[in-house]
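Student: Let me begin by handing over the structure; questions about it come next.
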Amino acid sequence: TRDYYLQPGNRKYLEAYRQFMLEVIGLLNVPADTARQATDEMIEFETQLANITSTPEERNNVSTLYRKLMLDQLQEEVPQINWTHYLTIVTERPVNGSSFVVMFAMSYMRDLVELIDQTEPRIVANYLLWRFVRHRINNLDDRFLGAKQRFSNALFGRERNPPRWKNCVTQVNANMGMAVGAMFVRRYFDENSKRDTLTMTHELQDAFREILGRTGWIDMATRQLAEQ
Numbered sequence: 203t204r205d206y207y208l209q210p211g212n213r214k215y216l217e218a219y220r221q222f223m224l225e226v227i228g229l230l231n232v233p234a235d236t237a238r239q240a241t242d243e244m245i246e247f248e249t250q251l252a253n254i255t256s257t258p259e260e261r262n263n264v265s266t267l268y269r270k271l272m273l274d275q276l277q278e279e280v281p282q283i284n285w286t287h288y289l290t291i292v293t294e295r296p297v298n299g300s301s302f303v304v305m306f307a308m309s310y311m312r313d314l315v316e317l318i319d320q321t322e323p324r325i326v327a328n329y330l331l332w333r334f335v336r337h338r339i340n341n342l343d344d345r346f347l348g349a350k351q352r353f354s355n356a357l358f359g360r361e362r363n364p365p366r367w368k369n370c371v372t373q374v375n376a377n378m379g380m381a382v383g384a385m386f387v388r389r390y391f392d393e394n395s396k397r398d399t400l401t402m403t404h405e406l407q408d409a410f411r412e413i414l415g416r417t418g419w420i421d422m423a424t425r426q427l428a429e430q
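Residue numbers (my numbering): 203 to 430.
Here it is, written out as structure tokens:
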């Protein structure tokens, strides 16, 4: 989190993270001197990223975090990104300069592109590769899992990694949740459970409609849409 990088009292955790990163990079057969340099550069880059993030107090002020503006305005504010091209690809529909978007944390986005402009591309590339490798640690062999365990122990006091089968089940459920859910329902969800669930759902719907009927600040069009 932000505090791990910016609070002096958390220096021991940052050092544990540095050792974790060094160990993993070493396991990838990177020479020691190169690994140390890359690690120091990436931690410095992450520290700068943490420095431009909002504080918890600022995050509580939703009105300042979200900003509605036209795409042309966004392009002027953050010209380093071709927003029209990007959003056309993401939304799979044509957008133009008069299209409205809601931007989250505009100040962070401005600071981010400025930081990337000021950082050597090699450091950014190393950081992106590190993030990918770290995300895939659970898919690697026991040497990598051991490095992760030592880091987790320093950070959280966890004494051992969970069994590999638990990680496998977690990943399957995270990526194929609907399929796993269907298997669970077919095996454990009998007709009585189905009937009870439907009854509960209908009662919740009725209660929601009753609340809508008593809510005076919602206009008629919105109320009708909510009831549907």
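C-beta atoms are modelled at their ideal positions from N, C-alpha and C, and glycine is treated no differently.
How would you call A237, buried or exposed, if buried means at least 16 neighbouring beta carbons within 10 angstroms?
Tutor: By the neighbour-count rule (16 or more Cβ atoms within 10 Å), A237 is buried.
Student: Per DSSP, which residues does M272 bridge with? Please list them.
Tutor: F302, per the DSSP bridge assignment.
Student: Skipping 5 residues on each side, what residues in its chain have a beta carbon closer than 6 Å to that of M308?
Tutor: Answer for M308: R269, listed in chain order.
Student: Ordered along the chain, which non-local residues of its own chain (more than five positions away) have a Cβ less than 7 Å from that of A428?
Tutor: Taken in chain order, the residues that qualify are L414.
Student: So, for S301: in the same chain, excluding its five sequence neighbours on each side, which residues have a beta-carbon less than 8 Å away from its beta-carbon?
Tutor: M272, L273 and L289, listed in sequence order.
Student: Taking contact to mean at least 3 C-beta pairs separated by less than 8 Å, is the stretch 258-267 in contact with the stretch 326-345?
Tutor: Because the criterion of three Cβ pairs below 8 Å is not met, the stretch 258-267 and the stretch 326-345 do not touch.
Student: With F306 and L331 assumed to form a contact (beta carbons below 8 Å), what rounded beta-carbon distance in angstroms separates them?
Tutor: The Cβ separation is near 26 Å, so there is no contact.
Student: Tell me where the alpha helix (DSSP H) around W367 begins and ends.
Tutor: Note, W367: alpha helix (DSSP H), R366 to N377.
Student: Can you list, in chain order, the residues of its chain whose CB lies under 7 Å from that of Y207, leaving out five sequence neighbours each side?
Tutor: So the list reads L216, E248, T249 and A252, once near-sequence residues are dropped.
Student: Please return the same chain residues whose Cβ sits closer than 8 Å to the Cβ of L224, not counting the five positions on each side in sequence.
Tutor: Once the five neighbours on either side are set aside, the close Cβ partners of L224 are A237, R238 and T241.
Student: Compute the distance between the beta-carbons of V175 and Q282, then report whether it is under 7 Å.
Tutor: Residue 175 cannot be examined here, being either before or after the span of the chain that is shown, 203 to 430.
Student: Return the CA-CA distance between L342 and Y390, expressed in angstroms with no decimal places.
Tutor: Roughly 34 Å between the two C-alpha positions.
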